[in-house]
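Trainee:
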Amino acid sequence: MIYLVCFYLIILLFPTLKAISDGPRLNQAHFSAVTMLVLLGGIFVLHITTIIILLVATIDNAWWFTNDMSTDIWGRWVKLNNVWNYTDMPSSYPQDYLQAVQATSVLSCIFSILGLFVFVAQLFTLAKGQRFTFSGIFQFIACLCIMIAASIYTDIFHETEKEQGKGWYGHSYILAWIAFVFSFISSIIYFVLRKKTA
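Just so we're aligned: the sequence shown equals residues -19 to -1, 1 to 179 in mature numbering (1 follows the signal peptide of the UniProt record, and there is no 0).
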């Protein structure tokens, strides 16, 4: 898919490169095309980065750490006799909230991936004024989903450990919040681009 997008960008950029090589003058249409292609490439990279961060935050086992325990939204790793052992979540965890965190994390990944496929499809199929609307909507839904997951996890889980200073948030938790920011920024960019291409 990445090759397809790169190929499409090269096809669009070829007339501009030819015009640049033909002479020193660069008219406004070619400058506008180059600017739009660079912008589309940047958005594509931002979207891929957001998807990777969302997947790492959802899959990796580093939402909460103590000296002998690592927890994610799927299970817990406990260190016994210098060996890490996978265990289920404790029964003291509120299962409804845990399932809400799991569901919204997975949904954020799904909506962000769908948004990327829709972005590529819209480049080929829709008219100028209609492009990027659906991509922006999918990214905004992904943004809301990961925000809900991280907010519930912050508010509900590890309250006593936080109060006693026995643990700290891991990199997956931090990546979830970074993915929230990236997906929000990309959704806003999609909505602004829709207005510019109209």
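We put the CB at the ideal spot given by N, CA and C, even for glycine. Note that the structure is a prediction, hence the values are computed from the model and not measured.
Quick one: any contact between the region 156 to 172 and the region 25 to 41, if contact means 3 or more CB pairs under 8 Å?
Mentor: Because the criterion of three Cβ pairs below 8 Å is met, the region 156 to 172 and the region 25 to 41 touch.
Trainee: Ordered along the chain, which non-local residues of its own chain (more than five positions away) have a Cβ less than 8 Å from that of PHE92?
Mentor: PHE119, GLN120, ILE122, ALA123 and CYS126
Trainee: Do ILE169 and ILE24 have their C-beta atoms within less than 8 Å of each other?
Mentor: At least 8 Å separates the beta-carbon of ILE169 from that of ILE24.
Trainee: Exposed or buried, GLY146, counting other C-beta atoms within 10 Å across all chains shown (16 or more means buried)?
Mentor: Exposed: under 16 other Cβ atoms inside 10 Å.
Trainee: Any idea which residues DSSP pairs THR106 with across the strands?
Mentor: According to DSSP, residue pairing for THR106 in a beta bridge does not occur.
Trainee: Counting only the same chain and skipping the five closest in sequence on each side, list residues whose C-beta sits under 6 Å from that of THR85.
Mentor: CYS126, ILE129 and ALA130
Trainee: Near ALA81, which residues of its chain fall below 7 Å by C-beta distance, leaving aside the five closest residues on each side in sequence?
Mentor: ILE133
Trainee: Cα-Cα, which of THR141, LEU174 and THR106 is closest to GLY117?
Mentor: Taking only the C-alpha atoms, the option nearest GLY117 is LEU174.
Trainee: What would DSSP say about MET17, mapped onto helix, strand or coil?
Mentor: helix
Trainee: So, ILE39 versus GLY56, is the Cβ gap smaller than 8 Å?
Mentor: Strictly speaking, residue 39 in this sequence is Thr, with Ile absent from that position. The answer is no: Cβ separation not under 8 Å.
Trainee: Pull up the distance between the alpha-carbon of SER51 and that of ASN63, whole angstroms please.
Mentor: 14 Å
Trainee: Are the beta-carbon atoms belonging to HIS139 and TRP45 less than 8 Å from one another?
Mentor: yes
Trainee: In the DSSP output, what is VAL59 paired with across the bridge?
Mentor: MET50 and ASN66
Trainee: DSSP on residue 194, reduced to helix/strand/coil?
Mentor: Look at the range of the chain in this structure, -19 to 179, and you will see that residue 194 is not part of it.
Trainee: Assign PHE98 to buried or exposed, taking buried as 16 or more other Cβ atoms, counted over all protein chains shown, within 10 Å of its Cβ.
Mentor: exposed
Trainee: With a CB to CB cut of under 7 Å and the five nearest residues on each side skipped, what residues in its chain are close to LEU88?
Mentor: CYS126
Trainee: Which residues mark the beginning and the end of the alpha helix (DSSP H) in which ASP136 is found?
Mentor: 114 to 137
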